[in-house]
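Numbering (the numbering used here), first residue to last: 3 to 238.
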């Protein structure tokens, strides 16, 4: 293996693909020139996407069983750019992964196309297709409308879910702030209550002390009166 997308030999996945015939998820092309943008949109519009092997032809084996036969193809930068250009010309653009396998023998391309997230896809010329069993089928108006509505529904649900999550996050932050403010108010109220209790306690103590002082003055005044009366009695 020379890098992440280039393999000197044939991978296990590709061996399994070569052992099958063209179907809903597999297509063989003998050269890059045989690849059309309609092939790409067909897989992007399908439920499971698919794999295109370029440099491989369909061959009849034992018991008339169809399978892929490697014939190899040019794998230079120009060929790779040609493939990418066809994917980029689709509306919307189709994302794909391009691999090179069997580098030391007869190299060929393996193109992996995932089911598109922005269906329906069409070619630059406005052709809508979807993958059938071993061939690409035209999307009729009713099926195209159904796919469009399903895609819009998915996008709506995604936006709604994102909005709901943002709202939940905002509510959580608001609840946190409210709880924090209530906690502060409760603490301030408790501190105020303690201060009032302390002040009332001091006031009660002062009042009690004042009454004691008042009683002492009354007793002194009575004592003075008693002494004055005693003195008057003695003078008589």
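We put the beta carbon where it would ideally sit given N, CA and C, even for glycine.
As the structure is a prediction and not an experimental result, all values here were calculated from the model.
Terminal residues of the beta strand (DSSP E) in which residue 61 lies = Element bounds for residue 61: 58 to 62.
Between which two residues does the beta strand (DSSP E) carrying residue 19 extend? Note, residue 19: premise wrong, no beta strand (DSSP E); alpha helix (DSSP H) at 14 to 20.
Use the C-beta contact count for residue 11: other C-beta atoms within 10 angstroms, 16 or more gives buried, fewer gives exposed.
That one is exposed.
Which residue wins for smallest C-alpha separation from residue 126, given the options 74, 41, 100?
Residue 41 is the option with its Cα nearest to residue 126.
Worksheet item: Residues in its own chain within less than 8 Å of residue 34 by CB, not counting five upstream and five downstream?
Response: Within its own chain, the residues whose Cβ lies closer than 8 Å to the Cβ of residue 34, once the five positions on either side in sequence are excluded, are 56, 75, 76, 81, 84, 85, 111, listed in chain order.
**Report entry** Nearest-angstrom Cα separation, counted from residue 145 out to residue 114
**Finding:** Distance from the CA of residue 114 to the CA of residue 145, rounded to the nearest whole angstrom, comes to 25 Å.
Query raised in the report: Considering only C-alpha positions, which residue in the set 181, 100, 6 is nearest to residue 116?
Result: Taking only the C-alpha atoms, the option nearest residue 116 is 100.
inquiry  = Could you compute how far the alpha carbon of residue 92 sits from the alpha carbon of residue 51?
reply    = Residue 51 has its alpha-carbon roughly 15 Å from the corresponding atom of residue 92.
Between the Cα of residue 59 and the Cα atoms of 24, 66, 231, 184, which residue gives the shortest distance?
Nearest C-alpha to residue 59: 24.
Nearest by alpha-carbon distance to residue 53: which of 66, 182, 72, 31 is it? For residue 53, the closest C-alpha among the options 66, 182, 72, 31 is that of 31.
Item checked: Cβ-Cβ distance between residue 137 and residue 88 below 8 Å -> With respect to the 8 Å criterion, residue 137 and residue 88 are not classified as neighbours on the basis of their beta carbons.
Note to self: Determine whether the beta carbon atoms of residue 108 and residue 72 lie at a separation below 8 Å.
What the structure shows: Yes.
Notebook entry, point to check: The beta strand (DSSP E) with residue 100 in it runs from where to where?
Noted result: That run of the beta strand (DSSP E) goes 98 to 103.
| 8 Å contact criterion, which residue 47 and residue 123 should meet: CB distance rounded | Contact between residue 47 and residue 123 is confirmed by a C-beta separation of about 5 Å, below the 8 Å threshold.
Buried or exposed, going by whether 16 or more other CB atoms sit within 10 Å of the CB of residue 131?
Residue environment: residue 131 is assigned as buried (16 or more neighbouring CB atoms within 10 Å of its CB, all protein chains considered).
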